[in-house]
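Down below is the structure, laid out as structure tokens.
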Amino acid sequence: MNILKEFLTNDKCSYLQNQHQTTYYKVIEECSTQQCQDFIERGYRRFGKMYFRPICSTCNECKSVKIDVDNFEFSKSQRRVIKKASNIKSYIQRPTISKTHLELFEKYHLNMKDKKGWEYTQSTPEAYYRSFVDSHNDFGYEVLYYDEDRLIGVDLIDILNDGISSIYFYYDPDYLKYSLGKLSLYNQILFAKRSKKKWIYLGYYVEDCPSLSYKSHYKPYLTLQGKPDIDQDYEWA
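Okay, so the sequence shown: first residue is 1 according to the UniProt record's numbering, each after it adds one.
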């Protein structure tokens with residue numbers, strides 16, 4: 001593992017209004033699957049070479065959660081989502097970048113700006129590459145969702161030794177009837193069950209953040225206790 005640098009930022013909170021967020025970053029050139037898992041197990045997220053987590057001293061609302069795959073059972077409504085999308089095809093491969101990726105990424109975020117008030121900054125090929133393609137090493141993948149030959153969703157994931165870490169999912173808002181966000185997570189769970197993976201690492205659950213509060217619906221799940229350093233033991237409960 002080659003750590004290029006480490007630093008802190010103190011910015012406007014990404015999840016809660018009128019709050020600031022202190023985030024700790026590690027920039028890592030090369031990382032093994034096990035090393036990536038070690039970070040994820042301790043509450044880090046990964047975008048490209050950036051491994052990061054919030055370390056706010058006065059707030060503990062960002063809680064790392066993971067779904068217990070072995071004990072997860074699909075409800076009737078969840079099975080209906082899977083059945084309804086039976087005509088949607090998916091393919092898994094190493095992360096890539098294309099004009100179609102970028103157009104879909106922009107379309108999704110413009111929709112979220114109008115629908116949910118997300119802050120919007122036009123992406124660039126360089127920024128997309130840094131966040132979702134660079135330094136995927138042996139564990140980074142993308143799952144592409146197609147309606148015939150039309151790309152309608154991209155799910156960025158890391159496949160680790162004992163689970164799948166969800167990085168980011170974006171989709172075509174014209175296909176809301178397929179509940180693509182839910183579908184992508186259900187497919188992760190199905191893949192994990194087939195592959196004998198124990199966990200789906202969902203990242204942060206923040207109760208008062210509408211974009212993240214949905215994660216509590218996927219039970220049973222465990223929550224990381226505290227903020228263990230990379231050389232400390234960790235506990236999920």
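From the three backbone atoms N, C-alpha and C, an ideal C-beta is built for every residue, glycine too.
Using the C-alpha atoms, what's the distance from residue j back to residue i?
i: residue 127; j: residue 105; result: 12 Å
i: residue 80; j: residue 66; result: 23 Å
i: residue 198; j: residue 235; result: 15 Å
i: residue 114; j: residue 8; result: 31 Å
i: residue 153; j: residue 204; result: 22 Å
i: residue 222; j: residue 237; result: 5 Å
i: residue 142; j: residue 132; result: 9 Å
i: residue 98; j: residue 34; result: 29 Å
i: residue 60; j: residue 26; result: 21 Å
In this structure, how does DSSP classify residue i when only helix, strand and coil are distinguished?
i: residue 224; result: strand
i: residue 124; result: coil
i: residue 1; result: coil
i: residue 136; result: coil
i: residue 96; result: coil
i: residue 161; result: coil
i: residue 42; result: coil
i: residue 215; result: helix
For residue i, does the count of other Cβ atoms within 10 angstroms reach 16, so buried, or fall short, so exposed?
i: residue 192; result: buried
i: residue 136; result: buried
i: residue 217; result: exposed
i: residue 139; result: buried
i: residue 49; result: buried
DSSP beta-bridge partners for residue i?
i: residue 236; result: 224
i: residue 153; result: 145, 171
i: residue 27; result: 5, 50
i: residue 204; result: 64
i: residue 10; result: 22
i: residue 199; result: 68, 163
i: residue 186; result: The partner list for residue 186 (beta bridge, DSSP) is empty, contrary to what the question assumes.
i: residue 90; result: 145
For residue i, collect the residues of the same chain with a Cβ closer than 7 Å to its Cβ; drop the 5 residues on either side in sequence, then sort them by chain order.
i: residue 43; result: 53, 64, 224, 227
Here's a check: name, in chain order, each residue in its chain whose Cβ is nearer than 8 Å to the Cβ of residue i, leaving out the five neighbours to either side.
i: residue 14; result: 21
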